[in-house]
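The sequence shown begins at 71 in full-length UniProt numbering and counts up one residue at a time. We put the beta carbon where it would ideally sit given N, CA and C, even for glycine. Bear in mind that the values here come from a model prediction, so they are computed numbers and not experimental data.
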Amino acid sequence: TNAIHTTVMGSKVEVIKTTFSTQEDARRRAEQGAAEGTLIIAEEQTGGKGRLGRKWFSPYGKGIWMSLILRPQQPLKFASQLTLLTGVAVCRAIRQVTGLEVGIKWPNDILIQKRKICGILLESAIEDNVMRYCIAGIGISVNVDDNDYPDELKTIATSLKIESGSTVNRTLLIAAVMEEFETLYQIYQQKGFRPIINLWEALSLNLNEEVIVHSHQGIQEGIAVGLDSSGALLVDMGMGEIKPVISGDVKLK
Ligand code: BT5
């Protein structure tokens, strides 16, 4: 805990050995009034979750499975900006600690050599359209070995250990994530989303790449060209048409 040099993010840390999902633990703590920056970390999750009912593989002692409580007091539409901000913080922290060239695939995957090493899940509780609290779930496959992964993940997932060839110190990485997060969150609150967009674009694996867009016009292809002020991916559809695409409408080629 005293490795974390921040004032808010990670100022209170709860470490659990085995839990179902740190998202549920954090939600309970938030309902009990836990302060912004409270961090719940587990060695193992038996019900780790991804988006849209997908599962997150969370073996004992091999990764960083954690949830951070935020109290942004903003309308729900800002949640997608926080997802992107979290991705930038994690990506920068991983680069800083390991030197690995990780990048972000819109909206929330962190990849290396096209394989996933981190996923982000943002969940919010709303009241009168304002977020009462928001839980930023971060899963980083730090020291997972190739033979730990079930067959269906072997070809699409990797870990920092697999990519760097050595064990990565989880405490150092958690501290780096909290530091990056705190810095970016302060910038975000003082200057808005624009500076975060610039940092995101610098780490993006999508820019100038083809994407498939699903809309009422059917399925179309375009080229990702950036983010707009809400966090939507801007896609050049050709003939001068730039479409803002929100999560769920886009597949990356
Ligand atoms: C995500 O979902 O990427 C969000 C994952 C969030 C996990 C954290 S861990 C702490 C907190 N507590 C929780 O219960 N959850 C959060 P999605 O974009 O839906 O991606 C899920 C997909 O990632 C799966 O279907 C697999 O293909 C892949 N995957 C699962 N486990 C993985 C792992 N350990 N490493 C890399 N890829 C994985």
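Return the residue from the list the options that minimises the CA-CA distance to residue i.
| i | options | result |
| --- | --- | --- |
| Ser128 | Gln151, Ile187, Arg202 and Asn239 | Ile187 |
| Met201 | Pro265, Leu152 and Ile244 | Leu152 |
| Phe148 | Gly235, Val283, Cys204 and Ile232 | Cys204 |
| Ala100 | Thr228, Leu242, Ile282 and Ile196 | Ile196 |
| Gly262 | Gly133, Ser300 and Arg97 | Ser300 |
| Leu170 | Ser236, Gly133, Ile110 and Gly207 | Ser236 |
| Gly207 | Ala159, Gln259 and Gly296 | Ala159 |
Rounding to the nearest angstrom, what Cα-Cα distance links residue i and residue j in this structure?
| i | j | result |
| --- | --- | --- |
| Gly131 | Glu113 | 5 Å |
| Trp135 | Ser211 | 8 Å |
| Val305 | Asn178 | 17 Å |
| Gln143 | Gln166 | 30 Å |
| Lys224 | Asp198 | 43 Å |
| Gln183 | Glu271 | 18 Å |
| Pro220 | Pro314 | 36 Å |
| Leu154 | Asn217 | 31 Å |
| Gln256 | Leu140 | 12 Å |
| Thr108 | Thr241 | 16 Å |
| Asp298 | Ser234 | 34 Å |
| Leu254 | Arg124 | 28 Å |
| Glu222 | Thr88 | 24 Å |
| Leu146 | Ser194 | 8 Å |
| Val85 | Gly209 | 15 Å |
| Ile190 | Asp95 | 16 Å |
| Gly157 | Leu243 | 14 Å |
| Gly288 | Gln102 | 45 Å |
| Ile267 | Ile282 | 22 Å |
| Gly292 | Thr228 | 28 Å |
| Glu279 | Gln290 | 14 Å |
| Ile111 | Thr76 | 17 Å |
| Gly310 | Gly296 | 15 Å |
| Gly133 | Asp215 | 10 Å |
| Leu269 | Arg97 | 29 Å |
Can you name, in chain order, every residue of its own chain whose Cβ lies under 6 Å from the Cβ of residue i, other than the five neighbours on each side?
| i | result |
| --- | --- |
| Ala163 | Ala246, Val247 and Glu250 |
| Glu276 | In the sequence under discussion, the amino acid at residue 276 is Asn, which differs from the Glu named in the question. Trp176 and Ala294. |
| Ile74 | Gly80, Ala245 and Met248 |
| Cys161 | Val172, Ile174, Ile180 and Leu273 |
| Lys119 | Ser91 and Trp126 |
| Thr116 | Phe90 |
| Pro265 | Ile257 |
| Ile312 | Leu304 and Asp306 |
Once you ignore the five residues that flank residue i on each side, which residues in its own chain have a CB closer than 7 Å to its CB?
| i | result |
| --- | --- |
| Thr71 | Summary for Thr71: the model assigns pLDDT 49, below 50, so the residue's position carries little reliability; its value from the coordinates is reported in the next sentence. So the list reads Val83, once near-sequence residues are dropped. |
| Ile226 | Arg185 and Lys186 |
| Ala105 | Lys82 |
| Val78 | Glu106, Gly107 and Glu252 |
| Ala302 | Pro314, Val315 and Ile316 |
| Arg121 | Leu191 |
| Gln260 | none |
| His286 | none |
I think residue i touches residue j, with their Cβ atoms under 8 Å apart; what is that distance to the nearest whole Å?
| i | j | result |
| --- | --- | --- |
| Thr92 | Ser137 | 4 Å |
Which residues in the same chain have their Cβ closer than 8 Å to the Cβ of residue i, if we skip the five residues on either side of it in sequence?
| i | result |
| --- | --- |
| Val238 | Val167, Thr168, Val212, Asn213, Leu230 and Lys231 |
| Gly308 | Gly292 |
Is the closest heavy atom of the ligand HEM to the C-beta of residue i under 7 Å?
| i | result |
| --- | --- |
| Val295 | For the structure depicted, the ligand HEM is absent and the ligand set comprises only the ligand BT5. |
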